[in-house]
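Student:
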Amino acid sequence: MEQNNILSMLSIAAKAKKVVSGEFMTEQAVKEGKAYLVVVAEDASENTKKMFRDKCAFYETAIVFFGDKESLGHSIGRRFRASLAVVDEGLAQALQKKLALKNN
Numbered sequence: 002m003e004q005n006n007i008l009s010m011l012s013i014a015a016k017a018k019k020v021v022s023g024e025f026m027t028e029q030a031v032k033e034g035k036a037y038l039v040v041v042a043e044d045a046s047e048n049t050k051k052m053f054r055d056k057c058a059f060y061e062t063a064i065v066f067f068g069d070k071e072s073l074g075h076s077i078g079r080r081f082r083a084s085l086a087v088v089d090e091g092l093a094q095a096l097q098k099k100l101a102l103k104n105n
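Letter by letter, the sequence shown follows residues 2 to 105 in our numbering.
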């Protein structure tokens, strides 16, 4: 249930144009300081996970590993997405709260 709630929030954020997706766009948002939260699919490749873990640590951006590529992509109206960035601070904080509850 909680996972659907999180995916719904991502869907709303995408409709509000507050999400960028795909490896290149996500990385660019992090580098430009526009990303408040990076979401990487749990089934993304180890290289992708490591790259975003390192980038987010360097740029001090929050990162979570959540869902799979198909559900992440579907939630934002795409096919598959291994990574996406939330570029709205309020939405990013709300998502982090939901994710923290899911992991407890």
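Beta carbons: idealized from backbone N, C-alpha and C, even for Gly.
Does DSSP put N64 in a helix, in a strand, or in coil?
Tutor: It should be pointed out that residue 64 corresponds to Ile in this sequence rather than to Asn. Three-state DSSP puts I64 in a strand.
Student: How big is the Cα-Cα spacing for L85 and A36?
Tutor: Between L85 and A36, the C-alpha separation is close to 9 Å.
Student: Output the distance between the C-alpha atoms of I77 and L11, rounded to the nearest integer angstrom.
Tutor: Taking the straight line joining both Cα atoms gives about 7 Å.
Student: In this structure, does DSSP put A45 in helix, strand or coil?
Tutor: A45: coil per DSSP, three-state reduction.
Student: Buried or exposed for A101, going by 16 or more other Cβ atoms inside 10 Å?
Tutor: Looking at its Cβ environment, which holds fewer than 16 other Cβ atoms inside 10 Å, A101 is exposed.
Student: Take G123 as the anchor and find which of F66, T49, K16, F59 has the nearest alpha-carbon.
Tutor: This structure gives no information on residue 123, because the portion of the chain shown stretches from 2 to 105.
Student: Within the continuous beta strand (DSSP E) that includes A86, where are the two ends?
Tutor: Where A86 is concerned, the enclosing beta strand (DSSP E) stretches over 84-87.
Student: Measure the beta-carbon distance from A14 to D89 and round it to whole angstroms, keeping in mind my assumption that it falls under 8 Å.
Tutor: Confirmed, Cβ separation roughly 7 Å.
Student: By Cβ distance below 7 Å, which residues in the same chain neighbour E43 in space, the five residues on each side in sequence not counted?
Tutor: Only F66, F67, G68, D69 meet the Cβ criterion.
Student: Looking only at its own chain, which residues have a Cβ that is under 7 Å from the Cβ of F53, when we skip the five neighbours before and after it?
Tutor: Cβ within range, chain order: V39, V41, I64, S84.
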